[in-house]
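When you read off a place in the sequence shown, starting at 1, and then add 140, the result is the number in the numbering used here.
Every residue gets a Cβ at the ideal spot worked out from N, C-alpha and C, and that includes glycine.
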Amino acid sequence: MQVELAEERIFRMTDRFSLEHAEGRAWSKRLEAFGALARVTGLFAQPKDDEFAVVYRERRLQPFWRVTVSTATAYERTRTYVVKVPPEVREVTIGETVLPASSNQIQIVGLEACREETRRETFIDGLNKQASPALANYLQHDAIETNADALAAATAEGMVIVPPEAKASMVVRDVIASAIGKIDADRVTEELVRVEAVDLYYRPVHAFRYRRGDKEAVVEFDAITGETKVGGTTFEQYLGKALEPKFLLDVGAETLNFVIPGANLAKLMIVKGLELKASK
141 MQVELAEERI FRMTDRFSLE HAEGRAWSKR LEAFGALARV TGLFAQPKDD
191 EFAVVYRERR LQPFWRVTVS TATAYERTRT YVVKVPPEVR EVTIGETVLP
241 ASSNQIQIVG LEACREETRR ETFIDGLNKQ ASPALANYLQ HDAIETNADA
291 LAAATAEGMV IVPPEAKASM VVRDVIASAI GKIDADRVTE ELVRVEAVDL
341 YYRPVHAFRY RRGDKEAVVE FDAITGETKV GGTTFEQYLG KALEPKFLLD
391 VGAETLNFVI PGANLAKLMI VKGLELKASK
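See below:
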């Protein structure tokens, strides 16, 4: 079996909205953030602005994964074909082989040459580890390739870099496992697994925590789509903390030992650093 692993990459998506715009949109959702009861009471008595205080502002980069895997398997298998013949037929000669007829049919044994190809592109939420096809929509927007050093520099400027709960090795393992199907073969002549992309994307999010009385609530603003969401969260525990590159990108040949049933790394041809023609 040949396994080709693309080099892992990190992309940072570009903000499409200013912080001032984000805060204005979040402010308009502040009452909604405190729940249904606050919204109902607000219908009868419009709350004053000074009832709300912004106690925390957060600029963060939130992770998701894009993993693309393709497979190609060529194999052979022996099959028996049943062919109907007229009732008067007693035997059929094919080449030098004589096939007796029985019950108005003959049986032909042949060797099938088969090939199966698959390609799967999967998007994984970096926080909850769940597949989320909707994340593909972010690829319509601009992103620049970056690295751990550049992310560390952003951290020094006050940006919160949220580490992915799903590590690269775990994501690749799961995607490969789902891409490899069972085959019915007598002999496998070719096995190829290409991990075409292992890309960690960071998208910008602004979060604002409001206090009203003794309660607090968070409103998030997606700096790519412009969507505002109440009931969000903040990650100040990562404020000022740089991420280790080895934590972000840790895919290696050992990953495959947990993926391919019955595989032995000594029997695998590992090609690391596959060059991709595809863009981000």
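Since residue i and residue j should fall inside the 8 Å C-beta cutoff, what is the C-beta to C-beta distance between them, to a whole number of angstroms?
i, j, result
"R334", "E144", "5 Å"
"T218", "D324", "About 11 Å; that fails the 8 Å criterion."
"R200", "M299", "7 Å"
"Q247", "T220", "5 Å"
"Y278", "Y341", "7 Å"
Between residue i and residue j, what straight-line distance do the alpha-carbon atoms span, to the nearest angstrom?
i, j, result
"A308", "Q280", "23 Å"
"E285", "M153", "9 Å"
"A347", "E356", "13 Å"
"A290", "F151", "11 Å"
"S272", "S243", "55 Å"
"G366", "E160", "13 Å"
"L275", "L267", "13 Å"
"R255", "V328", "10 Å"
"A317", "V238", "46 Å"
"V194", "K188", "14 Å"
"V292", "E376", "The identity of residue 292 in the sequence shown is Ala, whereas the question assumes Val. Their backbone Cα atoms lie some 15 Å apart in a straight line."
"E172", "N287", "38 Å"
"P304", "V249", "54 Å"
"G371", "G321", "40 Å"
"T174", "A146", "Here the sequence assigns Phe to residue 174, which means Thr is not the residue at that position. Roughly 46 Å separates the two Cα atoms."
"W167", "D190", "12 Å"
Answer yes or no: do residue i and residue j have a C-beta to C-beta separation smaller than 7 Å?
i, j, result
"V345", "K169", "no"
"A162", "T295", "no"
"R352", "F192", "yes"
"A319", "K269", "no"
"A241", "V225", "yes"
"R165", "T368", "yes"
"E148", "V338", "yes"
"Q202", "V312", "no"
"M141", "E331", "yes"
"E216", "A253", "yes"
"D282", "F204", "no"
"T373", "E198", "no"
Using the three-state DSSP reduction, which class does residue i fall into: helix, strand or coil?
i, result
"H281", "coil"
"R343", "strand"
"T295", "helix"
"Q377", "helix"
"E216", "strand"
"A253", "strand"
"I316", "helix"
"P273", "helix"
"M310", "helix"
"A162", "helix"
"E191", "helix"
"R170", "helix"
"D362", "strand"
"D265", "strand"
"A146", "strand"
"A288", "helix"
"E356", "strand"
"I323", "coil"
Report yes or no: do three or more beta-carbon pairs, one from the segment 202-219 and one from the segment 248-260, lie closer than 8 Å?
By the Cβ test, the segment 202-219 is in contact with the segment 248-260, since at least three Cβ pairs between them sit closer than 8 Å.
Between the segment 221-234 and the segment 361-379, do three or more beta carbon pairs fall short of 8 Å?
Taking 8 Å as the limit for Cβ pairs, the verdict is that the segment 361-379 does not touch the segment 221-234.
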